[in-house]
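**Student:**
In this note's numbering, the protein residues as written are 6 to 1049.
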């Protein structure tokens, strides 16, 4: 962080708007001026702008008489420019005289370049606290770290040296940016806590699953017993079903007989109804016979009418015989006329077809030379392609041979690779197991290495338990004393209040005795001058006595309060000691458990060493994957036989296979090239066939053309001369003559047909007569047959009635058979129910068995998971310790201490002419003889090694400067904060001339380690020792600065 512009408004002694203080371009600069001019206020402005913190509270930073202040700071960090604007407004006085809280604002900006132009872009958060946190993250540094390292503020140069060892470690942790390790430690603890929770959950699940998994064998026996019961139930069901089937068959037979009886009943009803109908039919026949015999009696008159009808019909029949001839001749005349037209149409159509044929044949004969040329060209190309076809066939045979070799080689190499992979996998498995055993051994060695420390710590913890008990008893006694003393103070306060009240009452009575009072203010009796004087003296005496008692009570109360304060300070110390003792004593239980585990760890360590030795022997002797090695040797023999010219290594075989595949690829390329040339062969063959066929057709065409031309000429003459259809013309003339000779007209025909219509009723009566004659004869025969059928039905009715009686007798056994069938059905249903019960019982027992087996599987899985989680829990426990304050952080601090010590001594030697040397002590011996972690500072000079407090102001200034500059260099180089600014506001006045000279030289020697160094001094002879100076002057309008 390099500040390069500072603007103040009403900040401390800087009133009103001031021009910005440009620090850009300054490397080493001196801020000079009289005491109280405002030199240190500039540095307060920088820290207040960055962190909102300074040496004074916020409201005290506002210039006297002003209501608000504003500080604007521009700085560079990591090549990026930033701006912070922080302001503060005083609180206002309310109506009741109270002052409200002041108001602060902060804006954080980043210089951004958009579209070629730069501008300030706000990056602050919504609240001041969030924005301050963002600024702290950007700076990668807190206020306390800054003032403990690179900011030597006035009166606070010993900020680091005056801290306790623990606070010094915290400052170093912040400078070294060890906060990330604290985050990692917390994450490791969180993960360890997560695994602890998961382990507890798994233990609960394992505890729940174990009893159920143990019942698997019992459940299996229960399933077997249930299966036996189910089998016996099935056999009983089968026997009952057989009996039920027989009973049902008997019932079905009886039901068939009952059905037959119902059919007989219907049949008898139908027969009886048919017999009755037949009897009615016989009566009808007798009536019909009587009517037909009456019609036969009119036979003579019907025959006379029929003779007249026959004569008329003969005449009509003759005319009807002529009518077809007439219609036929008429139709033939129209037909021959149509035929003559059709003949002419056919001749003209044939003439058109012959004309088209002549044109087609002529055009086809014109293509003959072109077709002959195409045929010659195709035959020439086919002759050229014959050698290529033979070459393609040879290439195909060679490729087939190569395919077989390549396929065999691929198979052998794939098997060879699989076997090698199997060997490597087994070797990797053994190596992994050996590594796991090695890690186990190392982990156990680390754990066992802590046993002596645990034993010592257990002894200390047990001692702390005894000390905690003693401290607790002492603390109880002191609390009782505190309570008693507090009660005594309360009584003293009550007594004081009583004395004050009595004194007030005396003062009021005394006030009633004015200068002119003649009577007692209480009793009203006259006093006189002597009495008045005695009363005055009495009141004075009582007041003096009360004052003396009050003073004594007040002194006693103060003494008691001092006693309480002393007692409570002692109690606080005891409580702190008790808390520390209890914390140490609380470790006793854990240490006891860890020591108890040590024996098991030792046994596990021995087992792990034996396992590791066995695995290493296997790996060294290659005593693994025996089957795979044998198979690999066989495959290598086969590959050597397939590639005899190659060495017995996989790479040579692979190259040989690649050569075969390349050769096959070359053959494929040659074959594709030749086949591309042969692709036109089918087209050429088709072309030659087509051309020959076309030439054959043209030969026929040349022979056909004269014939077609002659036919066309003949046909044209026939049409032009009407020399066609002579037979049709002749037949037409014959038909005309026949129509003339036929004596038939439609009028004569209509007259004859009317006469027949008039006489046609006699034909109907003759038909009725004939029918009646036939019916009389047939009805007599039918009546005889009906009588015979009537007698047959009567016999059948008698037979069916007898069968019905037999069925009624058999059906008497039906109720008993149905009852027996129902009984067997109930028995089958009962067996079904028993089978369902047995099946349900079997299902439930199998389900319990399945659950027990699943519980056993889950138990194994949970136990495996628990083992894995326990290992991960141990890993994160180790990580939490490693990332903790006693792990990596302590190691990094121990690594940084020599560097700080070396740099501080380099500077201290420069400014003291090597008369002083400091050292950081990381451990010290306690009164009990044990060692404890610390960070003490010891300084050696000509008088010996002494603590820091034993040195004078000038010597302390040199020590502080050396340590703070060393810390600043460490912060600039390691914290990631890129702090490149050093500020010194202290110390020159405490040094003599030689000391100041050496301090200036020391500052000069470290100037290349910082981009900006600011030194504040009021000593005139030092102002010109630095390349740049900012002069601060105090005016009535506030302080001002000027760059010299």
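Quick reminder that beta carbons are idealized off the backbone N, C-alpha and C, glycines included.
Would you mind sorting residue 228 into buried or exposed? The rule is 16 or more other CB atoms within 10 Å of its CB.
**Tutor:** Here the question's residue 228 lines up with position 223 in the chain shown. It counts as buried.
**Student:** Does residue 670 have its Cβ less than 8 Å from a Cβ in chain D?
**Tutor:** Among the protein chains of the structure shown there is no chain D, as only one such chain exists.
**Student:** When the Cβ atoms of the segment 835-847 are set against those of the segment 233-247, are three or more pairs found closer than 8 Å?
**Tutor:** The answer is yes - the segment 233-247 touches the segment 835-847, with three or more Cβ pairs under 8 Å.
**Student:** Residues in its own chain within less than 6 Å of residue 25 by CB, not counting five upstream and five downstream?
**Tutor:** Sequence index remark: in the chain shown, residue 25 carries index 20 (1-based). Around residue 25: 10, 12.
**Student:** Is it a yes or a no for the segment 189-208 touching the segment 887-898, going by three-plus beta-carbon pairs under 8 Å?
**Tutor:** Contact holds: three or more Cβ-Cβ distances are below 8 Å.
**Student:** Just confirm the distance between the C-beta atoms of residue 795 and residue 262, as a whole number of angstroms; I'd bet it's less than 8 Å.
**Tutor:** Numbered from its first residue, the chain shown carries residue 795 at position 790. Numbered from its first residue, the chain shown carries residue 262 at position 257. Between residue 262 and residue 795 the Cβ distance is about 30 Å, and since that is not below 8 Å, they are no contact.
**Student:** Straight-line CA distance for residue 988 to residue 118?
**Tutor:** Looking up residue 988 in the chain shown gives position 983. Looking up residue 118 in the chain shown gives position 113. Rounded to whole angstroms, residue 988 to residue 118 spans 32 Å at the Cα level.
**Student:** Given a cut-off of 8 Å, decide if residue 19 and residue 59 are closer than it, judged by their beta-carbon atoms.
**Tutor:** Taking the first residue of the chain shown as position 1, residue 59 is located at position 54. Taking the first residue of the chain shown as position 1, residue 19 is located at position 14. Contact flag unset, no.
**Student:** When we look at the beta-carbon of residue 336 and count the other beta-carbons within 10 Å, is it buried (16 or more) or exposed?
**Tutor:** The residue labelled residue 336 in the question sits at position 331 within the chain shown. Exposed, by the Cβ-count rule.
**Student:** What is the DSSP secondary structure of residue 568, counted as helix, strand or coil?
**Tutor:** For this step, residue 568 is matched to residue 563 along the chain shown. DSSP places residue 568 in helix when its eight states are reduced to three.
**Student:** Between 109, 439, 56, 86, which lies nearest to residue 127 when the distance is taken from Cα to Cα?
**Tutor:** Residue mapping note: residue 127 aligns to position 122 of the chain shown, counting from 1. Answer by Cα proximity: 86.
**Student:** Can you tell me whether residue 929 is buried or exposed? The criterion is at least 16 other CB atoms within 10 Å of its CB, across all chains shown.
**Tutor:** As a first step, residue 929 is located in the chain shown; it is residue number 924 there, counting from the start. The residue is exposed, with fewer than 16 neighbouring Cβ atoms inside 10 Å.
**Student:** Between which two residues does the alpha helix (DSSP H) containing residue 685 stretch?
**Tutor:** One-based indexing of the chain shown puts residue 685 at position 680. Run containing residue 685: none; DSSP gives neither H nor E here.
**Student:** Is the distance from the Cβ of residue 677 to the Cβ of residue 404 below 8 Å?
**Tutor:** One-based indexing of the chain shown puts residue 677 at position 672. One-based indexing of the chain shown puts residue 404 at position 399. For residue 677 and residue 404, no; Cβs fall outside 8 Å.
**Student:** Locate the alpha helix (DSSP H) running through residue 41, then write down its first and last residues.
**Tutor:** To locate residue 41, count along the chain shown from 1; it is residue 36. Careful: residue 41 lies outside any alpha helix (DSSP H) and carries neither H nor E.
**Student:** Assuming residue 1018 and residue 33 are in contact, meaning their beta carbons sit under 8 Å apart, how far apart are those beta carbons, in whole angstroms?
**Tutor:** In the chain shown, residue 1018 corresponds to position 1013, counting from 1. In the chain shown, residue 33 corresponds to position 28, counting from 1. Confirmed, Cβ separation roughly 5 Å.
**Student:** Candidates 350, 1025, 1032: which alpha carbon is nearest residue 39's?
**Tutor:** The residue given as residue 39 occupies position 34 in the chain shown. Closest by alpha carbon: 1025.
**Student:** To the nearest angstrom, how far is it from the Cα of residue 633 to the Cα of residue 615?
**Tutor:** For the purposes of this step, residue 633 is identified with residue 628 of the chain shown, where counting begins at 1. For the purposes of this step, residue 615 is identified with residue 610 of the chain shown, where counting begins at 1. Taking the straight line from one Cα to the other gives about 27 Å.
**Student:** Report yes if the C-beta distance between residue 6 and residue 113 is below 8 Å; otherwise report no.
**Tutor:** As a working note, residue 6 is residue 1 in the chain shown. As a working note, residue 113 is residue 108 in the chain shown. In this structure, residue 113 does not lie closer than 8 Å to residue 6 by Cβ.
**Student:** Nearest to residue 42 by alpha carbon, out of 803, 910, 1039, 217?
**Tutor:** Stepping through the chain shown from its first residue, residue 42 is reached at position 37. The candidate whose alpha carbon is nearest that of residue 42 is 1039.
**Student:** Among 480, 363, 610, which residue has its Cα nearest to the Cα of residue 447?
**Tutor:** Within the chain shown, numbered from 1, the residue matching residue 447 stands at position 442. Cα-wise, what sits closest to residue 447 is 610.
**Student:** Decide yes or no for the touch test of the segment 139-146 against the segment 49-56: beta carbon pairs closer than 8 Å, at least 3 of them.
**Tutor:** Contact between the segment 139-146 and the segment 49-56 is present, because at least three Cβ pairs lie under 8 Å.
**Student:** Helix, strand or coil, according to DSSP, for residue 948 in the structure here?
**Tutor:** To locate residue 948, count along the chain shown from 1; it is residue 943. Correct three-state label for residue 948: coil.
**Student:** How should residue 424 be labelled, buried or exposed, when 16 other C-beta atoms within 10 angstroms of its C-beta is the threshold for buried?
**Tutor:** As a first step, residue 424 is located in the chain shown; it is residue number 419 there, counting from the start. Its Cβ being crowded by 16 or more others within 10 Å, residue 424 is buried.
**Student:** What would DSSP say about residue 1018, mapped onto helix, strand or coil?
**Tutor:** Here residue 1018 is taken as the residue at index 1013 of the chain shown, counted from 1. Correct three-state label for residue 1018: strand.
**Student:** Indicate the three-state DSSP secondary structure (helix, strand or coil) for residue 160 in the structure shown.
**Tutor:** As a working note, residue 160 is residue 155 in the chain shown. Because the pLDDT of residue 160 is 48, which lies under 50, any placement of that residue in the model is unreliable, and the number read from its coordinates should be weighed accordingly. Three-state result, residue 160: coil.
**Student:** Could you tell me the alpha carbon to alpha carbon distance between residue 473 and residue 213, rounded to whole angstroms?
**Tutor:** In the chain shown, the residue the question calls residue 473 occupies position 468. In the chain shown, the residue the question calls residue 213 occupies position 208. Approximately 42 Å between the Cα atoms of the pair.
**Student:** Note down the Cα distance separating residue 255 from residue 819, rounded to an integer number of angstroms.
**Tutor:** Here residue 255 refers to the residue found at position 250 when the chain shown is read from its first residue. Here residue 819 refers to the residue found at position 814 when the chain shown is read from its first residue. Those two C-alpha atoms are separated by around 9 Å.
**Student:** So what does residue 108 bridge to, in DSSP terms?
**Tutor:** Your numbering for residue 108 matches position 103 in the chain shown. The partner list for residue 108 (beta bridge, DSSP) reads 94.
**Student:** From residue 16 to residue 98, what distance separates their C-alpha atoms?
**Tutor:** Residue mapping note: residue 16 aligns to position 11 of the chain shown, counting from 1. Residue mapping note: residue 98 aligns to position 93 of the chain shown, counting from 1. Roughly 21 Å separates the two Cα atoms.
**Student:** Between residue 649 and residue 643, what straight-line distance do the alpha-carbon atoms span, to the nearest angstrom?
**Tutor:** One-based indexing of the chain shown puts residue 649 at position 644. One-based indexing of the chain shown puts residue 643 at position 638. Roughly 10 Å between the two C-alpha positions.
**Student:** How many angstroms separate the CA atom of residue 159 from the CA atom of residue 968?
**Tutor:** Here residue 159 is taken as the residue at index 154 of the chain shown, counted from 1. Here residue 968 is taken as the residue at index 963 of the chain shown, counted from 1. Caution is warranted here: a pLDDT of 49 is assigned to residue 159, below 50, making its placement in the model unreliable, and the coordinate value is therefore given only provisionally. Distance between the alpha carbons of residue 159 and residue 968: 16 Å.
**Student:** For residue 747, count neighbouring C-beta atoms within 10 Å of its own C-beta (all shown protein chains included) and say buried if the count is 16 or more, exposed if not.
**Tutor:** Translated into positions along the chain shown, residue 747 becomes position 742. It is exposed - the Cβ of residue 747 has fewer than 16 other Cβ atoms within 10 Å.
**Student:** Apart from the five residues on each side of it in sequence, which residues of its chain come closer than 7 Å, Cβ to Cβ, to residue 186?
**Tutor:** Position 181 of the chain shown, counted from the start, is the residue given in the question as residue 186. 888, 893, 894.
**Student:** Should residue 301 go down as buried or exposed, given a rule of 16 or more other Cβ atoms within 10 Å for buried?
**Tutor:** For the purposes of this step, residue 301 is identified with residue 296 of the chain shown, where counting begins at 1. Residue 301 is exposed by the Cβ-count criterion.
**Student:** One question on the structure: do residue 882 and residue 458 come within less than 8 Å of each other, judged by their Cβ atoms?
**Tutor:** Start at 1 with the first residue of the chain shown, and residue 882 comes out as number 877. Start at 1 with the first residue of the chain shown, and residue 458 comes out as number 453. Against a cut-off of 8 Å, the Cβ pair of residue 458 and residue 882 comes out as no contact.
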